[in-house]
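This report concerns only the one structure given below.
2 protein chains.
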Amino acid sequence: MTDAAVPPPPSKGERTKERIVAAALELFRAHGYEATTMRMVAEAAGVSLGNAYYYFENKDLLLAAFYREVHEAHLAAARPRLARKRALADRLSAVMTAKLEVIEPYHRFSALMFRSAADPESPLNPFHPAGADIAREGEQLFAEALTGSSTRVPSDLAAELPGLLWTYSMGIVLYWIHDRSPGRRKTHALVDRTVEMIASAIKLASNPLLRPFRKKVVELVRDLRFPTEV
Amino acid sequence: MTDAAVPPPPSKGERTKERIVAAALELFRAHGYEATTMRMVAEAAGVSLGNAYYYFENKDLLLAAFYREVHEAHLAAARPRLARKRALADRLSAVMTAKLEVIEPYHRFSALMFRSAADPESPLNPFHPAGADIAREGEQLFAEALTGSSTRVPSDLAAELPGLLWTYSMGIVLYWIHDRSPGRRKTHALVDRTVEMIASAIKLASNPLLRPFRKKVVELVRDLRFPTEV
DNA sequence: GGTTGGAGTTGAACATGTTCAACAACGGTC
DNA sequence: GACCGTTGTTGAACATGTTCAACTCCAACC
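From first to last, the protein sequence lines stand for chains A and B.
Take any residue in the first sequence, note its place counting from 1, add 1163, and you have its number in this note's numbering.
Take any residue in the second sequence, note its place counting from 1, add 1163, and you have its number in this note's numbering.
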């Protein structure tokens, strides 16, 4: 019974959509986002301009498709590395390094990802329905990095850490966008050093003596984590 | 001798530019950024479309002019409040509250400020020459908040704090952009609580016992503060 | 086989940011 | 006052994201 595993054959529309995405990703890679016009995408996909808009309401949604692809690549790159590490700092480092490596080819136009991520209207924004999946999966990855590590974390903190770490990773990406150093040396240095600090801070915060302080921070995060809620 | 204080009379061009800015700000306020077209701005300013582009290379630069106006308003609102506070937490709170009040009328399109701020190419980005002034003045304001307070801060830390606090304020603004709660309650709550935590952390970090740890953090910040440097 | 309704597709049209060659106004110089 | 270079100004043209009414294709149904 392999029925459940066999996806239905792609419809004509699905194949067309796939062609459009592929064309767009290739053009983005080659020319960047702004320089890639919808007409170029349509032509490269062997499709009319209007047809591209039949599948993607606007250009941003093509970017969202691209973003998802990058995200999948990150997951695929990070998980095998996690399997080889125990120490928390190493595991966090594995996740972040995988991220930096995956996004490196797109440095020249990755600012776009970020601008969209900061825009409440954009499908890339983690609070937007269309972008929520990626954020959730990103947090999930950090959750795996935590649970698989040799470090024990109190449960109240453990509940909030994945979200915090995901936010941290967004901050790193923002730094990386502006990083002009060769080989993105500064971003890697920042990751190396902050990852150590975070691991230390987590161990410290797990100390029973610090429970009251920890509670206060966890409460703050829990209360205010979702600005979009009322 | 009041010569130095008397600015030269505005040239024709300066007056035209002023009219364009004024028209743009009013239209932004009324309709938001995207919905305001350059043609609308030109017409409202009583000027041809091409002429608007003579003064502002692109629409983003009009947004930059708007951003500067908001920034000036923030400085003007924050400084008198600082004069009435001594405690560090109160002073930080004064600066942040002034900021939130000043930007509140523009909540609907303020995401634009942020997207531009995150974009290395944009004039709003603090690492971009055109946006650097605003960032510097923002840090300066935090420097005033610090030096005027009753709290003593070790000099190594004092050198880095304004920049860190400015970064913190950007984070608050990012949160505020997504805040849908009535009266922006959640953002205010976040400010209230984080400002306390920051003041406590600064006092804690000033403790001589923590000098090694503080040195480590200060060094990290100093080394990596400017991603755009090589 | 004909009909029908939805999915897929097209090209033209539109709105808007941006550019540009040409023109006008102005201020200084002789 | 005539000349001239700089500053200011214009409207048309262009590129590109987006929309839309019309068309084709195709599978399901009678």
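Just so you know, even glycine gets a beta-carbon here, dropped at the ideal spot from N, CA and C.
**Message:** Can you tell me where the alpha helix (DSSP H) holding V1233/B begins and where it ends?
**Reply:** The count along the second sequence starts at 1 and reaches residue 1233/B at position 70. Counting along the chain, the alpha helix (DSSP H) containing V1233/B begins and ends at K1222 to L1245.
**Message:** Counting only Cβ-Cβ distances shorter than 8 Å, please list the residues of the segment 1332-1358 of chain A near chain B, keeping chain order.
**Reply:** The residues in question are L1337, Y1338, W1339, I1340, H1341, D1342, R1343, S1344, P1345, K1349, T1350, A1352, L1353, R1356 and T1357.
**Request:** For A1186/A, collect the residues of the same chain with a Cβ closer than 7 Å to its Cβ; drop the 5 residues on either side in sequence, then sort them by chain order.
**Result:** As a working mapping, residue 1186/A is identified with position 23 in the first sequence. Residues of the same chain with a CB within less than 7 Å of the CB of A1186/A, apart from the 5 flanking positions on each side, are V1204, A1207 and A1208 in chain order.
**Asked** Hey, how far is the Cα of M1333/A from the Cα of G1176/B?
**Response** Along the first sequence, one-based indexing puts residue 1333/A at 170. Along the second sequence, one-based indexing puts residue 1176/B at 13. So the alpha carbons of these two residues sit roughly 43 Å apart.
**Asked** Can R1247/A and S1313/A be called in contact, C-beta distance under 7 Å?
**Response** Here residue 1247/A refers to the residue found at position 84 of the first sequence. Here residue 1313/A refers to the residue found at position 150 of the first sequence. No, these two residues do not count as a Cβ contact at 7 Å.
**Message:** Check this for me: beta carbons of L1320/A and V1381/A, under 7 Å apart or not?
**Reply:** Here residue 1320/A is taken as the residue at index 157 of the first sequence, counted from 1. Here residue 1381/A is taken as the residue at index 218 of the first sequence, counted from 1. Between L1320/A and V1381/A, the C-beta spacing is below 7 Å.
**Burial state of P1375/B, where buried means 16 or more other Cβ atoms lie within 10 Å** = Taking the first residue of the second sequence as position 1, residue 1375/B is located at position 212. Under this definition P1375/B is an exposed residue.
**Item:** Secondary structure of F1389/A, DSSP reduced to three states
**Value:** The count along the first sequence starts at 1 and reaches residue 1389/A at position 226. Note: F1389/A maps to coil in three-state DSSP.
**Message:** For L1190/B and H1234/B, what's the separation of their Cα atoms in angstroms?
**Reply:** Within the second sequence, residue 1190/B is the residue found at index 27, counting from 1. Within the second sequence, residue 1234/B is the residue found at index 71, counting from 1. Straight-line measurement puts the Cα of H1234/B at about 18 Å from the Cα of L1190/B.
**Prompt:** Which of the three DSSP states, helix, strand or coil, is assigned to H1291/B?
**Reply:** Locating residue 1291/B in the second sequence gives position 128, where the first residue counts as 1. Looking at H1291/B - three-state DSSP - the assignment turns out to be coil, as it is neither helix nor strand.
**Message:** Report the CB separation of K1263/B from A1308/B in whole angstroms; it is logged as a contact under 8 Å.
**Reply:** As a working mapping, residue 1263/B is identified with position 100 in the second sequence. As a working mapping, residue 1308/B is identified with position 145 in the second sequence. The amino acid at residue 1263/B is misidentified as Lys; the sequence shows Leu. L1263/B to A1308/B, Cβ: 15 Å. No contact.
**Item:** Continuous alpha helix (DSSP H) stretch holding F1191/B: start and end
**Value:** In the second sequence, residue 1191/B corresponds to position 28, counting from 1. Where F1191/B is concerned, the enclosing alpha helix (DSSP H) starts and stops at K1175 to H1194.
**Request:** Flag V1393/A as yes if its beta-carbon sits less than 7 Å from any beta-carbon of chain B, otherwise no.
**Result:** Counting from one through the first sequence, the residue named residue 1393/A turns up at place 230. In terms of beta-carbon proximity, V1393/A lines the interface with chain B, with at least one pair separated by less than 7 Å.
**Message:** If you reduce the DSSP assignment to three classes, tell me which class T1330/A lands in.
**Reply:** Taking the first residue of the first sequence as 1, we reach residue 1330/A at position 167. Three-state DSSP puts T1330/A in a helix.
**Request:** Tell me, please, whether the CB atom of F1277/B is closer than 7 Å to any CB atom in chain A?
**Result:** Locating residue 1277/B in the second sequence gives position 114, counting from the first residue. Closer than 7 Å to some Cβ of chain A, the Cβ of F1277/B qualifies, so yes.
**Request:** Say whether chain A places a C-beta atom closer than 7 Å to the C-beta of A1236/B.
**Result:** Residue 1236/B sits at position 73 when you count from the first residue of the second sequence. Contact with chain A is absent for A1236/B, since none of that chain's Cβ atoms lies less than 7 Å from the residue's Cβ.
**Asked** Between the C-alpha atoms of L1275/A and T1330/A, what's the straight-line distance to the nearest angstrom?
**Response** Within the first sequence, residue 1275/A is the residue found at index 112, counting from 1. Within the first sequence, residue 1330/A is the residue found at index 167, counting from 1. Looking at the two C-alpha atoms, the distance is approximately 18 Å.
**Asked** Does M1164/A get closer than 7 Å to chain B when you measure Cβ to Cβ?
**Response** Taking the first sequence and counting its residues from 1, one reaches residue 1164/A at position 1. No answer about M1164/A holds up, because its pLDDT of 48 lies below 50 and its placement is not dependable.
**Asked** Does DSSP put K1379/B in a helix, in a strand, or in coil?
**Response** Here residue 1379/B refers to the residue found at position 216 of the second sequence. Looking at K1379/B - three-state DSSP - the assignment turns out to be helix.
**Prompt:** Excluding sequence positions up to five away, which residues of its chain have a Cβ less than 8 Å from the Cβ of T1260/B?
**Reply:** For the purposes of this step, residue 1260/B is identified with residue 97 of the second sequence, where counting begins at 1. Taking C-beta separations shorter than 8 Å and ignoring five residues to either side along the sequence, the partners of T1260/B in its chain run R1244, H1351 and V1354, following chain order.
**Prompt:** Pick from G1326/B, R1388/B and P1317/B: whose alpha carbon is nearest that of L1367/B?
**Reply:** Position 204 of the second sequence holds residue 1367/B. That would be P1317/B, whose Cα lies nearest to the Cα of L1367/B.
**Item:** Continuous alpha helix (DSSP H) stretch holding G1311/A: start and end
**Value:** For the purposes of this step, residue 1311/A is taken as residue 148 along the first sequence, with counting starting at 1. No alpha helix (DSSP H) contains G1311/A, which DSSP labels as neither H nor E.
**Message:** For a contact defined as C-beta to C-beta under 7 Å, what are the partners of L1383/A on chain B?
**Reply:** Working through the first sequence from its first residue, we reach residue 1383/A at position 220. Close partners of L1383/A in chain B (Cβ separation under 7 Å): R1356.
**Assigned secondary structure, G1396/B (DSSP; H/G/I helix, E/B strand, else coil)** = Since the displayed chain B opens at 1164 and closes at 1393, residue 1396/B lies outside it and no answer follows.
**Prompt:** So, helix, strand or coil for P1283/A, using DSSP?
**Reply:** Reading the first sequence from its first residue, position 120 is the one you call residue 1283/A. Coil, per DSSP.
**Request:** Mind reading off the beta-carbon distance from P1283/B to F1277/B? Whole number of angstroms is fine, and I expect it under 8 Å.
**Result:** As a position in the second sequence, residue 1283/B is number 120, starting the count at 1. As a position in the second sequence, residue 1277/B is number 114, starting the count at 1. Wrong, their Cβ atoms sit about 14 Å apart, outside the cutoff.
**Message:** Looking at the secondary structure, which residues open and close the alpha helix (DSSP H) in which R1199/B lies?
**Reply:** By 1-based counting over the second sequence, the position of residue 1199/B is 36. The question names Arg, but residue 1199/B in the sequence shown is Thr. Annotation: T1199/B is outside any alpha helix (DSSP H) and is labelled neither H nor E by DSSP.
**For E1359/B, the nearest candidate out of R1254/B, F1389/B and D1386/B (CA to CA)** = The sequence position of residue 1359/B within the second sequence is 196, counting from 1. Nearest of R1254/B, F1389/B and D1386/B to E1359/B, Cα basis: R1254/B.
**Classification of R1347/B by the beta-carbon crowding that lies within 10 angstroms, buried from 16 upward** = As a first step, residue 1347/B must be located in the second sequence, where it is residue number 184. With 16 or more Cβ atoms within 10 Å of its Cβ, R1347/B is classed as buried.
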